[in-house]
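A quick write-up on the structure given underneath.
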Amino acid sequence: MKKYENRFFNSTAWEEFKFRNDDIIVASYAKAGTTLVQQILAQLIFEGKEDINLSALSPWLDSVYPEASIKLEALEAQNHRRFIKTHLPCDYLPYNHNAKYLYITRDGRDIAWSLYRHQCAISEHAQQAIDSQSTPAKKLRVIEAPTASVVDYFSEWLEKDGYPFWPFWENIHSWWQQRNRTNLMLLHFDELTRDLSGQIQKIADFLEFPLSTAHHQLVLEHCQFDYMKNHAHRYVPETVSIWKDGGRAFFHRGESGGWKETLPPELSEKYQAMARIKLGEECSRWLLTGVIE
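If you count the sequence shown from 1, position 46 lands on 46 in UniProt numbering, and the numbers rise without skipping.
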């Protein structure tokens with residue numbers, strides 16, 4: 001298996017992971033609706049239970065923080081159906097024929113806008129706190145708030161392929177190439193927000209979860225943006241202290257298109273042209289619309 005290592009990732013954690021036949025892998029680039037998909041799964045598995053610590057139940061396994069051994073031990077101790085988060089490209093992840101994979105994405109302009117807000121949402125003391133608990137190699141996940149405007153931030157993110165995070169195009173393309181796998185479901189954030197109820201049913205069907213009308217309604221209620229923001233302490237990665245406003249700042253708008261208000265047309269067109277070059281017509285259209293033709 002290829003290794004993917006940088007200040008955010010240590011893919012070797014997957015070498016120690018012992019798959020179970022009913023495992024669920026939740027994959028994304030980042031800021032694409034990952035937490036919403038995890039919440040849907042938690043609500044399906046635990047039948048609409050409210051008080052669920054999502055980040056503890058569904059860790060980002062290939063992250064450098066906390067140490068892989070801590071997450072692996074916690075996952076091994078779980079008796080329920082497990083769901084594990086990854087931000088790796090598909091070809092850096094072990095493939096298990098019995099597991100189910102969900103990949104969620106959205107328009108790259110929305111992702112970049114959300115990453116900008118993500119960095120702005122980090123509390124002032126968070127970087128110091130993370131520094132003191134970092135890995136021996138000082139490979140930290142938290143990045144300080146940006147000083148550039150959101151437009152300049154996006155321009156650099158586009159020019160440097162995901163900077164200051166990780167490569168964007170490779171991640172999308174790697175999962176798109178595997179779209180015909182029967183145990184992989186491709187999801188798009190815009191489809192989730194357009195028809196959350198219908199998407200919940202599709203996910204339940206794909207994972208073979210029986211879903212009564214009452215259970216479906218609970219899942220739907222507990223996956224609403226306002227509900228998750230108001231109970232942010234249950235869902236934010238790491239600890240609430242990292243994020244402003246008790247974690248609520250982690251949830252910004254819960255909808256797409258914020259970039260349309262400020263992104264210059266020429267920069268938007270540059271993004272679309274690059275998407276077609278990097279991903280091809282069909283994949284870039286899916287990224288734009290959420291529809292696979």
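Glycine included, C-beta positions come from ideal geometry on N, C-alpha and C.
On a predicted model such as this, the values are computed, not experimentally measured, just so you know.
Cβ-Cβ distance between residue i and residue j below 8 Å
{"i": "Ser-11", "j": "Asp-62", "result": "yes"}
{"i": "Tyr-103", "j": "Trp-175", "result": "yes"}
{"i": "Leu-220", "j": "Leu-36", "result": "no"}
{"i": "Ser-256", "j": "Asp-22", "result": "no"}
{"i": "Asn-183", "j": "Lys-100", "result": "yes"}
{"i": "Glu-50", "j": "His-215", "result": "no"}
{"i": "residue 342", "j": "Gln-201", "result": "Past the boundaries of the shown model lies residue 342; the chain is included only from 1 to 293, so the question cannot be answered."}
{"i": "Thr-105", "j": "His-188", "result": "yes"}
{"i": "Leu-54", "j": "Gln-39", "result": "yes"}
{"i": "Leu-44", "j": "Phe-209", "result": "yes"}
{"i": "Ile-24", "j": "Leu-207", "result": "yes"}
{"i": "Gly-290", "j": "Asp-190", "result": "yes"}
{"i": "Met-274", "j": "Leu-115", "result": "no"}
{"i": "residue 307", "j": "Gln-178", "result": "Here the chain covers residues 1 to 293 and nothing more, so residue 307 does not appear."}
{"i": "Arg-82", "j": "Arg-20", "result": "yes"}
{"i": "Ile-292", "j": "Trp-286", "result": "yes"}
{"i": "Trp-166", "j": "Asn-6", "result": "yes"}
{"i": "Met-1", "j": "Glu-15", "result": "yes"}
DSSP beta-bridge partners of residue i
{"i": "Ala-27", "result": "Thr-86 and Tyr-103"}
{"i": "Ser-63", "result": "Phe-9"}
{"i": "His-188", "result": "Thr-105"}
Residue i - DSSP class collapsed to helix/strand/coil
{"i": "Phe-9", "result": "strand"}
{"i": "Ser-268", "result": "helix"}
{"i": "Arg-285", "result": "helix"}
{"i": "Glu-159", "result": "helix"}
{"i": "Thr-193", "result": "helix"}
{"i": "Ser-55", "result": "helix"}
{"i": "Gly-258", "result": "helix"}
{"i": "Asn-171", "result": "helix"}
{"i": "Lys-18", "result": "coil"}
{"i": "Glu-76", "result": "helix"}
{"i": "Val-291", "result": "coil"}
{"i": "Trp-176", "result": "helix"}
{"i": "Ala-148", "result": "coil"}
{"i": "Ser-69", "result": "helix"}
{"i": "Trp-166", "result": "coil"}
{"i": "Gly-247", "result": "Reliability of the predicted coordinates at Gly-247 is poor, the pLDDT of 45 falling under 50, and no value is obtained from them."}
{"i": "Asn-98", "result": "coil"}
{"i": "Gly-198", "result": "helix"}
{"i": "Ala-137", "result": "Caution is warranted here: a pLDDT of 43 is assigned to Ala-137, below 50, making its placement in the model unreliable, and the coordinate value is therefore given only provisionally. Correct three-state label for Ala-137: coil."}
{"i": "Phe-46", "result": "coil"}
{"i": "Glu-221", "result": "helix"}
{"i": "His-231", "result": "coil"}
Beta-carbon separation (whole angstroms), residue i vs residue j, contact threshold 8 Å
{"i": "Phe-154", "j": "Leu-267", "result": "7 Å"}
{"i": "Ile-84", "j": "Val-26", "result": "7 Å"}
{"i": "Tyr-29", "j": "Asn-230", "result": "So it is not a contact: roughly 27 Å between Cβ atoms."}
{"i": "Ile-52", "j": "Ala-68", "result": "Rounded, the Cβ-Cβ distance is 23 Å, inconsistent with contact."}
{"i": "Asp-112", "j": "Leu-72", "result": "Correcting the residue identity first, residue 112 is Ala in this sequence and not Asp. No, Ala-112 and Leu-72 are not in contact; Cβ-Cβ is about 32 Å, not under 8 Å."}
{"i": "Leu-75", "j": "Phe-9", "result": "Not really, about 18 Å apart at Cβ, beyond 8 Å."}
**Study point:** Cβ contact (3+ pairs, closer than 8 Å) linking the stretch 258-278 and the stretch 147-164
**Key:** They touch, by the three-pair rule.
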